[in-house]
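Participant: Got a structure for you, written out below as structure tokens; questions coming shortly.
Following this line, the structure appears as structure tokens:
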């Protein structure tokens with residue numbers, strides 16, 4: 001490559017990198033030490049599409065409580081089938097990581113966790129087969145064996161031993177094998193096939209799986225108990241070794257016979273210790289309850305909601321699109337933002353509300369371009385009040401509750417005739433139903449939402465309904481594996497924060513005082529932009545949104561934005577951008593001309 005070309009490429013790289021989006025924080029529920037494949041946008045195609053093995057993959061969301069609970073059995077499942085990795089690999093991919101959003105959208109992941117099984121070398125448009133999700137590891141193993149059996153029947157898995165049911169009567173001994181076993185089992189049991197796969201790596205040992213539907217073989221062996229393990233001897237003679245549905249007994253028996261032919265016993269992974277290590281251990285740490293609402297948490301929630309959860313859908317239409325438009329309208333009216341942010345949300349609504357279908361990919365490009373242009377966020381949208389003690393805790397679910405409480409309170413403060421309390425909650429429920437990634441959480445919320453119609457008639461009712469619903473969830477999740485040990489689930493407000501919220505010192509609620517407390521809490525927002533070094537320090541820069549009109553929102557740097565200023569900023573931005581491009585192009589041209597003055601033409605750069 002000539003010096004001229006190098007300079008041009010370098011210059012273009014500088015321009016490209018200068019406009020590249022900043023990657024989000026990398027979090028996840030799994031580590032490299034877990035016995036599974038950690039997949040992402042950089043290795044998914046290479047490992048799954050171009051790999052030689054089948055894959056069973058969990059598409060998860062690190063913020064999803066059900067995903068956190070499910071991570072323990074999934075890790076255990078990965079441990080138990082780790083010995084099968086030459087035939088099938090267990091993988092995970094975090095859809096809450098923005099870098100993986102396109103993959104999760106392409107594979108039509110609409111709920112978390114979603115598990116899919118992939119044949120070896122799947123086509124790029126093959127989204128996989130749905131795989132059972134169970135907290136019972138054996139149930140998932142049985143399902144995987146069934147999938148592998150179907151795969152082996154339809155295509156070649158070259159290294160996998162035969163797990164198809166044996167249909168012959170006579171067993172022909174292979175002189176290359178030192179030992180041959182046969183297991184007779186029922187059709188609804190997978191122990192025989194599981195042992196075939198377990199011992200497949202052991203050379204010169206063959207295990208045959210047969211079903212009790214092979215009546216001639218059953219009559220020959222006079223099998224009465226299923227499953228039963230036999231040693232196949234010369235002249236088609238069979239020796240009963242073990243019976244009963246006890247895998248450990250069968251494995252130990254086979255290993256004893258390996259020793260008789262001077263073979264090293266095959267050790268299937270002992271998962272007891274590994275599984276015990278997966279048990280949730282709560283750290284001893286000081287417990288802190290902060291009742292401050294931070295704008296940074298609200299903006300982090302809004303950004304993740306708009307740019308990840310909504311965009312995870314490849315196509316948005318029907319009820320989902322109606323829910324999206326209602327959600328955007330709610331944000332436009334009641335999200336405590338500045339004019340830039342409102343314009344940003346309004347532009348998204350303008351782009352969606354007249355369409356019957358919306359492409360998630362196109363909407364994502366639209367949102368990204370206007371976020372870059374408008375700079376709608378006041379803070380650097382990092383987690384402060386909703387920061388967890390570990391990456392999998394709190395964050396977005398905490399932020400979503402905070403934002404919903406804030407919306408109900410601001411709706412009550414503003415008291416618009418075009419909205420009502422019931423509509424606010426139904427809009428929130430619509431978002432949860434169609435866009436919130438945690439399926440289990442969504443189902444629980446929608447179950448509670450059935451009471452909205454009968455229990456809510458005003459904006460204040462909406463504030464109290466959401467507060468009550470939040471406390472119900474906290475009670476249900478108290479002590480759950482998803483609970484942050486540093487921020488345990490509580491029924492709020494605590495007496496230390498609002499003694500008047502309790503009736504005469506009892507545990508009965510004084511809802512009038514609770515309403516006052518909630519309105520004050522979610523109207524008073526801290527604009528602190530960085531996390532605390534000391535979590536007990538006093539939050540700074542509190543503003544009370546109830547004391548000002550939402551229509552002339554204040555920029556939290558104390559500058560007032562109006563329509564003219566916003567248009568002036570946009571025009572200035574566009575002019576500056578165009579001038580910058582002209583200056584850069586001119587500089588590139590002069591630099592190239594100087595470096596390439598020996599060339600009469602520069603067609604090799606600019607083209608003819």
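In UniProt numbering, the protein residues as written are 1 to 608.
A virtual CB, placed ideally from N, CA and C, is assigned to each residue, including glycine.
1. Taking residue 438 and residue 61 to be in contact with their CB atoms under 8 Å, please state how far apart those CB atoms are, rounded to whole angstroms.
2. Would you kindly report the start and end of the unbroken beta strand (DSSP E) that includes residue 118?
3. Between residue 163 and residue 196, how many whole angstroms is the CB-CB distance? I'm expecting something under 8 Å.
4. Can you grab the Cα-Cα spacing for the pair residue 187 / residue 244, in whole Å?
5. Restricting to Cα atoms, I'd like to know which of 72, 47 and 305 is closest to residue 658.
6. Among the residues of its own chain, which have a CB less than 8 Å from the CB of residue 176, if the five just before and after it don't count?
7. Can you list the alpha helix (DSSP H) stretches of 4 or more residues lying completely in the UniProt domain "Thioredoxin" (14-150), in chain order?
8. Looking at C-alpha atoms only, which residue of 83, 218, 242 and 89 is the closest neighbour of residue 38?
9. Grouping DSSP H, G and I as helix and E and B as strand, with all else coil, what is residue 490?
10. Of the residues 430, 128 and 464, which one's Cα is nearest the Cα of residue 406?
11. From residue 52 to residue 87, what distance separates their C-alpha atoms?
12. Would residue 29 and residue 96 be called neighbours here (beta carbons separated by less than 7 Å)?
13. Sort 211, 331, 588 and 487 by Cα distance to residue 387 and report the nearest one.
14. So for residue 377, helix, strand or coil by DSSP?
15. Quick check on this structure: which residue in 144, 234 and 117 has the alpha carbon closest to the alpha carbon of residue 174?
16. With burial defined as no fewer than 16 other Cβ atoms inside 10 Å of the residue's Cβ, what is the status of residue 434: buried or exposed?
17. With distances taken between CB atoms, is the gap from residue 165 to residue 99 smaller than 7 Å?
18. I need the straight-line Cα distance from residue 160 to residue 254, nearest angstrom please.
19. Specify, as a first and last residue, the run of the alpha helix (DSSP H) that residue 164 falls within.
20. Please return the same chain residues whose Cβ sits closer than 7 Å to the Cβ of residue 501, not counting the five positions on each side in sequence.
21. Between the stretch 291-310 and the stretch 325-344, can you find at least three pairs of beta-carbon atoms closer than 8 Å?
22. I'd like the list of long-range same chain contacts for residue 620, defined as Cβ closer than 8 Å, with 5 residues on each side in sequence excluded.
23. Which residues in the same chain as residue 449 place their Cβ atom closer than 6 Å to its Cβ, once the five residues preceding and following it in sequence are excluded?
24. Could you check whether residue 456 and residue 422 sit closer than 7 Å to each other, using their CB atoms as the reference points?
25. Measuring straight from C-alpha to C-alpha, what distance separates residue 460 and residue 476?
26. Counting Cβ pairs, one atom from each stretch, are 3 or more of them under 8 Å apart for the stretch 312-320 and the stretch 390-404?
27. Is the number of C-beta pairs between the stretch 408-426 and the stretch 344-353 that are closer than 8 Å three or more?
28. My output table needs one value for residue 294: the three-state DSSP class, helix, strand or coil.
29. For the beta strand (DSSP E) that contains residue 209, what are its first and last residues?
30. If you drop the 5 nearest sequence neighbours on each side, which residues of the same chain put their C-beta closer than 8 Å to that of residue 519?
31. Return the chain-ordered list of same chain residues with a C-beta closer than 8 Å to the C-beta of residue 41, the five sequence neighbours on each side being excluded.
32. Tell me where the alpha helix (DSSP H) around residue 414 begins and ends.
33. Residue 59 and residue 109 - do their beta-carbons sit closer together than 7 Å?
34. For residue 293, which of 121, 73, 384 and 249 has the nearest alpha-carbon?
35. Residue 118: which of 225, 56, 107 and 217 sits nearest, CA to CA?
36. Report buried or exposed for residue 479, applying the criterion of at least 16 other Cβ atoms within 10 angstroms of its Cβ.
Facilitator: Once the coordinates are examined:
1. Here residue 438 refers to the residue found at position 438 when the chain shown is read from its first residue. Here residue 61 refers to the residue found at position 61 when the chain shown is read from its first residue. At roughly 7 Å, the Cβ-Cβ gap stays under 8 Å, so residue 438 and residue 61 are in contact.
2. Residue mapping note: residue 118 aligns to position 118 of the chain shown, counting from 1. Residue 118 -> beta strand (DSSP E) spans 114-118.
3. Counting from 1 along the chain shown, the entry for residue 163 is found at position 163. Counting from 1 along the chain shown, the entry for residue 196 is found at position 196. Residue 163 to residue 196, Cβ: 5 Å. Contact.
4. Numbered from 1 along the chain shown, position 187 holds the residue referred to as residue 187. Numbered from 1 along the chain shown, position 244 holds the residue referred to as residue 244. In a straight line, the C-alpha of residue 187 is about 15 Å away from that of residue 244.
5. Because the chain here runs from 1 to 608, residue 658 falls outside it and cannot be looked at.
6. Numbered from its first residue, the chain shown carries residue 176 at position 176. Answer for residue 176: 204, listed in chain order.
7. 65-80 and 101-106
8. Residue numbering aside, residue 38 sits at position 38 when the chain shown is read from its first letter. The option with the nearest alpha carbon to residue 38 is 89.
9. Translated into positions along the chain shown, residue 490 becomes position 490. Residue 490 falls in the coil class under three-state DSSP.
10. The residue given as residue 406 occupies position 406 in the chain shown. Among 430, 128 and 464, the Cα nearest to that of residue 406 is on 464.
11. Taking the chain shown and counting its residues from 1, one reaches residue 52 at position 52. Taking the chain shown and counting its residues from 1, one reaches residue 87 at position 87. About 8 Å.
12. Here residue 29 is taken as the residue at index 29 of the chain shown, counted from 1. Here residue 96 is taken as the residue at index 96 of the chain shown, counted from 1. No; because the gap between Cβ atoms is not below 7 Å, this pair is not in contact.
13. Start at 1 with the first residue of the chain shown, and residue 387 comes out as number 387. Checking every option, the nearest Cα to that of residue 387 belongs to 487.
14. Translated into positions along the chain shown, residue 377 becomes position 377. Looking at residue 377 - three-state DSSP - the assignment turns out to be coil, as it is neither helix nor strand.
15. In the chain shown, residue 174 corresponds to position 174, counting from 1. Comparing Cα positions, the closest option is 234.
16. By 1-based counting over the chain shown, the position of residue 434 is 434. Counting Cβ neighbours within 10 Å, residue 434 comes out buried, since at least 16 surround it.
17. Translated into positions along the chain shown, residue 165 becomes position 165. Translated into positions along the chain shown, residue 99 becomes position 99. Their beta carbons are not under 7 Å apart, which means residue 165 does not touch residue 99 by this criterion.
18. Taking the chain shown and counting its residues from 1, the one referred to as residue 160 is at position 160. Taking the chain shown and counting its residues from 1, the one referred to as residue 254 is at position 254. Going from the Cα of residue 160 to the Cα of residue 254 covers about 19 Å.
19. Reading the chain shown from its first residue, position 164 is the one you call residue 164. Counting along the chain, residue 164 falls outside any alpha helix (DSSP H), and DSSP gives it neither H nor E.
20. In the chain shown, the residue the question calls residue 501 occupies position 501. So the list reads 493, 509, 510, 513, 514 and 517, once near-sequence residues are dropped.
21. yes
22. The displayed coordinates of the chain run from 1 to 608. Any statement about residue 620 would go beyond what the structure contains.
23. Reading the chain shown from its first residue, position 449 is the one you call residue 449. Around residue 449: 429.
24. Taking the first residue of the chain shown as 1, we reach residue 422 at position 422. Taking the first residue of the chain shown as 1, we reach residue 456 at position 456. Yes, Cβ-Cβ distance for residue 422 and residue 456 is below 7 Å.
25. Position 460 of the chain shown holds residue 460. Position 476 of the chain shown holds residue 476. If I take the Cα positions, the gap works out to 25 Å.
26. no
27. no
28. Position 294 of the chain shown, counting from 1, holds the residue named residue 294. Looking at residue 294 - three-state DSSP - the assignment turns out to be strand.
29. Position 209 of the chain shown, counted from the start, is the residue given in the question as residue 209. Start and end: 205-211.
30. Your numbering for residue 519 matches position 519 in the chain shown. Correct list, in chain order: 409, 412, 413, 463 and 546.
31. The sequence position of residue 41 within the chain shown is 41, counting from 1. The answer, listed in chain order, is 99, 100, 102 and 103.
32. Start at 1 with the first residue of the chain shown, and residue 414 comes out as number 414. Note, residue 414: alpha helix (DSSP H), 396-414.
33. For the purposes of this step, residue 109 is taken as the residue at position 109 of the chain shown. For the purposes of this step, residue 59 is taken as the residue at position 59 of the chain shown. Closer than 7 Å, so yes.
34. Working through the chain shown from its first residue, we reach residue 293 at position 293. Cα-wise, what sits closest to residue 293 is 384.
35. In the chain shown, residue 118 corresponds to position 118, counting from 1. Of the candidates 225, 56, 107 and 217, the one whose C-alpha sits nearest the C-alpha of residue 118 is 56.
36. Here residue 479 refers to the residue found at position 479 of the chain shown. Exposed: under 16 other Cβ atoms inside 10 Å.
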